[in-house]
Amino acid sequence: MKKLSTTFFALLFVAAIYSSANAASTVPMVDATAQVPPPPLAVPATIDNRPQGWNSSERFEISDVYGLQEAYNAEEPIVFYVEGKSDKLNVEKENGFYVAASLDIPSENTTIIGNVAYDSVRHAWQVNLTAPKDNTKQYEISVHLLCGVNDSPCATSYGAGAKIDKILPLQIR
């Protein structure tokens with residue numbers, strides 16, 4: 052038995068060396084100064100929009116904010132979309148999720164509430180705000196994904212009022 056296991060490990064060792072030598076000979080040369088993009092951080096979603104790869108439970112988050120421009124002209128409409136993902140549920144209005152958004156002026160401690168509507172075609176919330184007139188102040192957009200409906204699947208899974216916040220800078224030209 053000892054001779055068989057020694058032979059097995061010897062063959063395994065030779066195979067590993069051979070595989071490593073083969074792999075090394077087929078690896079192309081890479082320019083060390085070339086910029087290599089980082090791997091994507093997004094977790095691929097399953098067909099029903101629940102993420103794969105989360106090991107913990109009881110988690111939801113804002114997965115995407117799209118359509119938001121880098122800067123806006125004074126009094127220009129601001130329209131963008133917010134999507135979420137969860138380890139247990141589809142993040143949709145029918146499951147009790149809700150998005151709230153506001154335009155904030157931190158220096159004045161002022162908040163202007165945005166108009167938010169669920170778009171069932173996009174499976175996202177559309178946020179509508181208006182850019183302020185004054186381009187000399189600092190502005191932020193606050194986005195909140197929350198369990199806004201009592202006795203909903205969201206509230207049952209995460210608790211009524213559970214929320215995730217995201218703050219985005221806003222520049223006015």
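Each residue of the sequence shown is one higher than the one before, starting from 52 at the first, in the numbering used here.
Yeah, the Cβ is synthetic: ideal placement off N, Cα and C, and Gly gets one too.
The model shown is predicted, which means the values in this text are computed figures rather than measured ones.
Sequence-distant residues of the same chain with beta carbon closer than 6 Å to residue i, five excluded per side
i      : result
His195 : Ala151, Lys214, Asp216
Thr207 : none
Ser193 : Ser153, Asp155, Ile218
Coarse secondary structure for residue i, derived from DSSP in three states
i      : result
Pro204 : helix
Asn146 : helix
Pro183 : coil
Ser158 : helix
Candidates the options, of which the one nearest residue i by Cα
i      : options                        : result
Asp170 : Gln120, Gln222, Gly135, Pro220 : Gly135
Leu221 : Val130, Asp202, Tyr132, Glu191 : Glu191
Ser153 : Val167, Leu140, Thr187, Glu159 : Val167
Asp141 : Arg173, Asn186, Asn160         : Note on residue identity: the sequence assigns Asn, not Asp, to residue 141. The shortest Cα separation from Asn141 among Arg173, Asn186, Asn160 belongs to Arg173.
Ile113 : Glu121, Cys198, Ile164         : Cys198
Val116 : Ala175, Ile164, Ile163         : Ala175
N- and C-terminal bounds of the beta strand (DSSP E) containing residue i
i      : result
Gln222 : 214-223
Asn166 : 166-170
Leu196 : 190-198
Asp115 : 111-117
Lys139 : Element bounds for Lys139: n/a, residue is neither H nor E.
Cβ shell of residue i (< 7 Å), same chain only, five flanking positions each side left out
i      : result
Gly118 : Val130, Phe131, Tyr132
Lys188 : Ile156, Ser158
Lys184 : Ala125, Glu126
Cut-off 8 Å between Cβ atoms - residues of its own chain near residue i, not counting five sequence neighbours on either side
i      : result
Gly210 : Cys198
Tyr123 : Ile129, Ala182, Leu221, Gln222, Ile223, Arg224
Thr161 : Asp155
I want to know whether the stretch 141-150 touches the stretch 199-206 - three or more CB-CB distances under 8 Å. They touch, by the three-pair rule.
Exercise for review: For the stretch 117-128 and the stretch 174-182, state whether three or more C-beta atom pairs, one from each stretch, are separated by less than 8 Å.
Suggested key: Contact annotation: the stretch 117-128 touches the stretch 174-182, with at least three C-beta pairs closer than 8 Å.
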